[in-house]
Every structure is written in C-alpha cells, then in structure tokens.
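Undergrad: Below is one structure. I have some questions about it.
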Ligand code: HEM
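Residue numbers (this note's numbering): 342 to 754.
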C-alpha cells in the first residue's frame, strides 16, 4: 500500500497536534497535570457544583461534550462510584437533554451517541456486530496491518522517526476512512472538516449512493443496507441517518486512538525496562494498553443530562442540569486502585472507565485495542533497539478535555 505515504506530513502535523488552532479549543494549550487537582477535589467530595475546568481554575470557554451549555447548572463527578452510577442509570442521567431527531442536522446530536433507551439499542444494534471482539481480525486484515506496515516502510531506513506524526496519527484515520470506502487521498479532508458535519456528509454521500446498489465488504455498506424498526414499522436508514452515523464513527474513530497510542508509546519508551518486557511478552503489551486507558484516558470527561430531579452522592441536582463525569479522576480513585497514579501494567486487571461505561460504552474499543496492539507490536518487531532520541525534547503530556503527547522522537537500528 502506498496510501500511507500519500498522506501529507505537514497536514498531519497541523491536524494532529493538540496545541494547534484546529484542536486547542478542548484545552490543548494547557500543559498542566490535572490529576493532583482531581485528587484534591475528590477528597473534598465526590460531586461538586461547576464544570471540571472551572473547578480546576482554568479560564475561558472550552468546548467538549456538554460544553458550552451556559444556560444550565453544571455539576462534576470525580469518584469512580459516582461516575459508574451515572453510566448505569441512563433513565436519570441521559446522553442528551431531550428526544433525538434522527432526521435533524448532521452531527452528534442526531446520532446514537445522544440517544437513550430503546432508540439507542435499536441503532447501536445495527453496527454492533461489526465491532465485536470476533470481528477484530476483519479490521486487522482489511485495514490495520497494511497501514501499519506501509507506515513503517516509509521510515524504516532512516534510523529515526517522530512517532506521533509518522505513525500514531495516520493509523486510526486510515482505518476508519478505509472502512467507509473513502479514498486515502481524502482521508485527511475528513479530519479537517470535522468542525463542519455537513461537509463530512458531502464526502460520504456519493459512496452511500454507490454502496446502496453495489454493497462491498465494508462498514459503509453495513449502514447502507441496514434496516431499523420503530413504532411505524421497518425502514432502510435514510441518508440523514447514515450521515449522522458516519459522522459519529469518523469523528470518534479517527481522533481518539491516535492520542491513546501516543500516550502508551510514551509511557513505554520512558520506561526502557518495561519496553523490553513487553517486547518479550505480548500479553504484557495488552495489559500495557489497558493500563494506559486507565492511567491517562485520552478523553477524560463525558457528560450526562439530568432529566429528573435527583441526588448523587448526597448532592441535589435539579432536572435540566448537566453532569460532567470526570472519567480521568474516576480512573485514579484510591478507593478502587492502589497506587492509582502509577503506570503499572502488571497490576491485577479491573474495569476502568477510559472507554466509558453502561449502554454507551465505546463501540469501537476492540478496534482501538487492535490498532494499538498491532501498531506497537509491529514497531517492536521491525525496529531493533527502539528508543527515545536522547538529544530531542521528550514527549510531553498536554491538553485538558483531550489529553495526548507532543512529539515522540525515536531512534532505532
Ligand atoms: C483509545 C481509543 C478510544 C477511546 C479512549 C474512546 C472512548 C470512548 C468513550 C469514553 C465513549 C463513551 C461516551 C459517552 O459515554 O458518552 C465512547 C463512545 C463511542 N466510541 Fe469510542 N473511544 C476510542 C476509540 C473509538 C474508535 C476507534 C471508534 C470507532 C471505530 C469509536 C467509536 C465510538 C462510538 C460510536 C461511541 C458511541 C457509542 C454509543 O453511543 O453507544 N471509539 N468512546
């Protein structure tokens, strides 16, 4: 595959940098470590009035799930138990403030991310079979393996690389756009247009048309052929429904795994003994990936909308409020994990919340795991003596509502 080389390196650099204008609205310019603040907040109470960033003393309008909603009262949950309860009680802590109109404007608000109850179950069931663990090999064989190896081919003879740009950024975007039949040449257009969902729909529309009459072995064909049942009977998904579904999958699939793979690689590269251990024991690599999603979840906050007057951990919440679930804080709750701030892939496994929880738990988590495992395994197999470049600045963790590392400069050979 020459596809990976077709991606413009300068464009990747701009589009996959949390500090760049295109992404800094989620807090990319923040170089703070929020975990000590989250520990303090949790210790003084599991739930507080206010948004997570206000409670941490950050100023300005940040944009993320459930933000900005200036007319609503906000609360934030910092303990594992409080976040877990909200995940599991969607009838009170809903994924949107009201009913979802699937024919509404293309975007998250019209997608299954915002749905609840039976509507969510019906739409999620359409794509769930393509995302179960048994389907991981389909994703690996059709898109992941080829992309990973083409990327390594592009720098293997150089003896050095910058893994954020040369590797982590390209794998998820090429995998998810590949599964939509989107040409490699347009893969970065999708990423660039995520702020304008209708522009993403324009890219997908002609392929939907083609897949309706001539289905292929890809995810967009699954959507183009899908039928959903509701009170009015059974119907094929409309264009509007497919476009919002596609938007959700393209956005969620291209933006998260990139950052989590970088976090995992940086954690391993800065611990050379551990890197050696995972090189020799790939079961430990699987644990290293899971531990990274606990220790430094790339998207550490998602929201719920309170749809009836309620109380959480003794804090009264009126109907109409927004509850921010600080999954990052929950993942380091000392009530659940010993030495919670330590990155320790050998700790005994316990479910964490980096992939969410309850009915909206990440649909793509097995694809994300496969991308990270196949990617890091291939680096370890093909690049002997892989190590951080001692003469370059080490990777730095940045961001607030999206967390990730800066450059990952490595040497090998
Ligand atoms: C390491 C990478 C990833 C992380 C950390 C992550 C995290 C999450 C989280 C926390 C949620 C829950 C949101 C909520 O509760 O409101 C979620 C939902 C979702 N994710 Fe991921 N995600 C990752 C990769 C992916 C990939 C690769 C895909 C697609 C290929 C994907 C597709 C989705 C979808 C469609 C949902 C919505 C599910 C629903 O509403 O039922 N994610 N993700």
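Beta carbons: idealized from backbone N, C-alpha and C, even for Gly.
Under 6 Å Cβ to Cβ from residue 343, same chain only, skipping five residues before and after it: list those, please.
TA: Here residue 343 corresponds to residue number 2 of the chain shown, with the count starting at 1. Low confidence applies here, because residue 343 scores a pLDDT of 48, under 50, leaving its location unreliable; read the following figure in that light. There are no such residues.
Undergrad: Tell me whether residue 580 sits in a helix, a strand or coil according to DSSP, three-state version.
TA: Within the chain shown, residue 580 is the residue found at index 239, counting from 1. Helix at residue 580.
Undergrad: From which residue to which residue does the beta strand (DSSP E) around residue 486 run?
TA: Position 145 of the chain shown, counting from 1, holds the residue named residue 486. Unbroken run through residue 486 is the alpha helix (DSSP H), 486-496; no beta strand (DSSP E).
Undergrad: Leaving aside the five residues before and after residue 471 along the sequence, list all residues of the same chain whose C-beta is less than 7 Å from its C-beta, in chain order.
TA: Locating residue 471 in the chain shown gives position 130, where the first residue counts as 1. Result list for residue 471: 560 and 563, in chain order.
Undergrad: Give a single yes or no on whether residue 702 has its beta carbon closer than 8 Å to a heavy atom of ligand 1.
TA: The residue you call residue 702 lines up with position 361 of the chain shown. For ligand 1, at least one heavy atom lies less than 8 Å from the Cβ of residue 702.
Undergrad: Would you call the stretch 494-511 and the stretch 602-609 in contact, with 3 or more CB pairs under 8 Å?
TA: Touching, per the Cβ criterion.
Undergrad: Closest to residue 643 by CA distance: which of 351, 384 and 435 is it?
TA: In the chain shown, counting from the first residue as 1, residue 643 sits at position 302. For the residues 351, 384 and 435, the minimum Cα distance to residue 643 belongs to 435.
Undergrad: With 16 as the cutoff for other CB atoms within 10 Å, does residue 746 come out buried or exposed?
TA: Counting from one through the chain shown, the residue named residue 746 turns up at place 405. Buried, because 16 or more other Cβ atoms sit within 10 Å of the Cβ of residue 746.
Undergrad: Where does residue 417 fall in DSSP's three states?
TA: Position 76 of the chain shown holds residue 417. Residue state, collapsed to three classes: strand.
Undergrad: For residue 389, which beta-bridge partners are listed by DSSP?
TA: The sequence position of residue 389 within the chain shown is 48, counting from 1. In the DSSP output, where bridge partners are listed per residue, residue 389 has 417.
Undergrad: By DSSP, does residue 711 sit in helix, in strand, or in coil?
TA: The residue labelled residue 711 in the question sits at position 370 within the chain shown. Helix, per DSSP.
Undergrad: Is residue 486 near residue 715, with beta carbons less than 9 Å apart?
TA: Along the chain shown, read from residue 1 onward, the residue named residue 486 stands at position 145. Along the chain shown, read from residue 1 onward, the residue named residue 715 stands at position 374. Taking 9 Å as the Cβ cut-off, residue 486 and residue 715 qualify as a contacting pair.
Undergrad: Can you name, in chain order, every residue of its own chain whose Cβ lies under 6 Å from the Cβ of residue 405, other than the five neighbours on each side?
TA: What you label residue 405 is simply residue 64 of the chain shown in a count that begins at 1. Correct list, in chain order: 367 and 742.
Undergrad: Tell me, which residues are paired with residue 461 by DSSP?
TA: Position 120 of the chain shown, counted from the start, is the residue given in the question as residue 461. Answer is none; residue 461 lacks a bridge partner.
Undergrad: Less than 8 Å between the CB atoms is what I'm expecting for residue 396 and residue 417, so what's the real figure, rounded?
TA: As a first step, residue 396 must be located in the chain shown, where it is residue number 55. As a first step, residue 417 must be located in the chain shown, where it is residue number 76. Contact flag correct, Cβ pair sits at about 6 Å.
Undergrad: Taking the beta strand (DSSP E) that residue 645 falls in, what are its first and last residues?
TA: Locating residue 645 in the chain shown gives position 304, counting from the first residue. Run containing residue 645: 642-647, per the beta strand (DSSP E) assignment.
Undergrad: Hey, quick one: how far does the beta strand (DSSP E) through residue 339 stretch, first residue to last?
TA: In the structure as shown, the chain starts at 342 and stops at 754, and residue 339 therefore has no counterpart that could be examined.
Undergrad: Using the Cβ count rule (16 or more neighbours within 10 Å means buried), how would you classify residue 633?
TA: Locating residue 633 in the chain shown gives position 292, counting from the first residue. It is buried - the Cβ of residue 633 has at least 16 other Cβ atoms within 10 Å.
Undergrad: The alpha helix (DSSP H) that contains residue 447, what's its start and end?
TA: In the chain shown, residue 447 corresponds to position 106, counting from 1. Premise fails: residue 447 is in no alpha helix (DSSP H) and is neither H nor E.
Undergrad: From which residue to which residue does the alpha helix (DSSP H) around residue 516 run?
TA: The residue you call residue 516 lines up with position 175 of the chain shown. Here the alpha helix (DSSP H) through residue 516 covers 511-520.
Undergrad: Any heavy atom of ligand 1 within a distance shorter than 8 Å of the CB on residue 465?
TA: In the chain shown, residue 465 corresponds to position 124, counting from 1. Yes - ligand 1 has a heavy atom lying nearer than 8 Å to the Cβ of residue 465.
Undergrad: Given this structure, state the Cα-to-Cα distance separating residue 637 from residue 666, to the nearest angstrom.
TA: Sequence index remark: in the chain shown, residue 637 carries index 296 (1-based). Sequence index remark: in the chain shown, residue 666 carries index 325 (1-based). For residue 637 and residue 666, the distance between alpha carbons rounds to 15 Å.
Undergrad: Where does the unbroken beta strand (DSSP E) through residue 752 begin, and where does it stop?
TA: Here the question's residue 752 lines up with position 411 in the chain shown. Taken as a continuous stretch (DSSP letters only), the beta strand (DSSP E) holding residue 752 covers 750-752.
Undergrad: Please go through the same chain and pick out, in chain order, the residues whose beta-carbon is closer than 6 Å to the beta-carbon of residue 414, but skip the five residues on each side of it.
TA: Position 73 of the chain shown holds residue 414. Only 662 meet the Cβ criterion.
Undergrad: Where DSSP assigns a beta bridge to residue 434, which residues make up the other side?
TA: For this step, residue 434 is matched to residue 93 along the chain shown. Paired residues: 647.
Undergrad: Return yes when at least one heavy atom of ligand 1 lies under 8 Å from the C-beta of residue 597, else no.
TA: As a first step, residue 597 must be located in the chain shown, where it is residue number 256. Yes, the beta carbon of residue 597 sits closer than 8 Å to at least one heavy atom of ligand 1.
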